[in-house]
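Participant:
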Amino acid sequence: MIIVVGSINLDLIANVDRLPEPGETVRGSSFATAPGGKGANQALAAARAGAQVRMVGAVGKDSFAADALALLKAGNVDLSGVGQSFASTGTALILVGADGENVIAVVPGANDSVVPGDVAKAYLKKGDVVLLQHEIPLQTVEATLDAARAAGAVSVLNTAPFR
Numbered sequence: 034m035i036i037v038v039g040s041i042n043l044d045l046i047a048n049v050d051r052l053p054e055p056g057e058t059v060r061g062s063s064f065a066t067a068p069g070g071k072g073a074n075q076a077l078a079a080a081r082a083g084a085q086v087r088m089v090g091a092v093g094k095d096s097f098a099a100d101a102l103a104l105l106k107a108g109n110v111d112l113s114g115v116g117q118s119f120a121s122t123g124t125a126l127i128l129v130g131a132d133g134e135n136v137i138a139v140v141p142g143a144n145d146s147v148v149p150g151d152v153a154k155a156y157l158k159k160g161d162v163v164l165l166q167h168e169i170p171l172q173t174v175e176a177t178l179d180a181a182r183a184a185g186a187v188s189v190l191n192t193a194p195f196r
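Residue numbering for the sequence shown follows my numbering, starting at 34 and increasing by one per position.
Here it is as structure tokens:
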């Protein structure tokens with residue numbers, strides 16, 4: 034089993050001819066939303082590769098939650114470890130220029146409510162692989178690494194975003 038302890042976001046993506054300068058407003062050419070978050074992306078990739086995957090994370094009790102979880106549900110990712118928070122579902126505000134360059138602002142929201150106690154939802158055991166990243170609180174990452182080591186699971190940490 035692959036267990037992902039991490040972020041779940043809804044990406045808000047606007048395409049623009051060029052990225053704005055500080056204080057400048059530019060006109061967008063298109064807008065889309067897409068499920069995202071480094072943790073959710075890891076879980077979906079592993080599930081699409083044929084692995085059994087459990088996600089541990091959090092979404093808000095808001096209109097973004099269902100969209101943020103949609104691809105994970107469709108990919109048969111076990112969402113029993115995903116809780117709900119009174120904070121908003123995590124979002125990434127993404128501007129993409131015509132040249133493919135982008136700027137991103139992440140609002141962690143519910144991802145910041147993933148606490149060390151949530152690691153129990155992972156049901157870690159020997160032979161499991163645990164995937165993590167730095168879009169959840171550092172103390173939760175550390176607690177998960179400790180729990181994985183104690184259970185005999187293998188841990189893989191994506192250190193993005195850099196802290």
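Beta carbons are placed, not taken as given, at the ideal position from N, Cα and C, and that holds for glycine. Just so you know, these numbers come straight off a predicted model, no measurement behind them.
With distances taken between CB atoms, is the gap from I127 to G90 smaller than 8 Å?
Facilitator: On the sequence shown, position 94 is the one that residue 127 refers to. On the sequence shown, position 57 is the one that residue 90 refers to. It is not a contact, given that the beta carbons lie outside the stated cut-off.
Participant: With which residues is V92 paired in a DSSP beta bridge?
Facilitator: Against the sequence shown, residue 92 aligns to sequence position 59. Paired residue(s): Q117.
Participant: Compare the C-alpha of L171 against each of V152, D161, G133 and name the closest.
Facilitator: If you number the sequence shown from 1, residue 171 lands on position 138. Comparing Cα positions, the closest option is V152.
Participant: Could you pull out every residue in the same chain whose Cβ sits closer than 7 Å to the Cβ of A120, ignoring the five residues on either side in sequence?
Facilitator: Position 87 of the sequence shown, counted from the start, is the residue given in the question as residue 120. Excluding positions up to five away in sequence, the list reads G93, G142, A143, D145, S146.
Participant: Does DSSP classify Q166 as helix, strand or coil?
Facilitator: Within the sequence shown, residue 166 is the residue found at index 133, counting from 1. Reduced to three states, the DSSP call for Q166 is strand.
Participant: From which residue to which residue does the alpha helix (DSSP H) around L190 run?
Facilitator: As a working note, residue 190 is residue 157 in the sequence shown. Premise fails: L190 lies in the beta strand (DSSP E), 187-191, not in any alpha helix (DSSP H).
Participant: So if DSSP puts D111 in a beta bridge, which residue, or which two residues, is it bridged to?
Facilitator: As a first step, residue 111 must be located in the sequence shown, where it is residue number 78. BP columns for D111 point to R87.
Participant: Let me know the secondary structure DSSP gives D44 once reduced to three states.
Facilitator: Taking the first residue of the sequence shown as 1, we reach residue 44 at position 11. D44 falls in the strand class under three-state DSSP.
Participant: Please say whether M88 and A99 have beta carbons closer to each other than 8 Å?
Facilitator: Taking the first residue of the sequence shown as position 1, residue 99 is located at position 66. Taking the first residue of the sequence shown as position 1, residue 88 is located at position 55. Not a contact, by the Cβ cut-off of 8 Å.
Participant: Let me confirm a value: P68 is counted as buried when at least 16 other C-beta atoms fall within 10 Å, else exposed. Which label applies?
Facilitator: One-based indexing of the sequence shown puts residue 68 at position 35. Flag for P68 reads buried.
Participant: Using the beta-carbon count (16 or more within 10 Å), is G123 buried or exposed?
Facilitator: For the purposes of this step, residue 123 is taken as the residue at position 90 of the sequence shown. The residue is buried, with at least 16 neighbouring Cβ atoms inside 10 Å.
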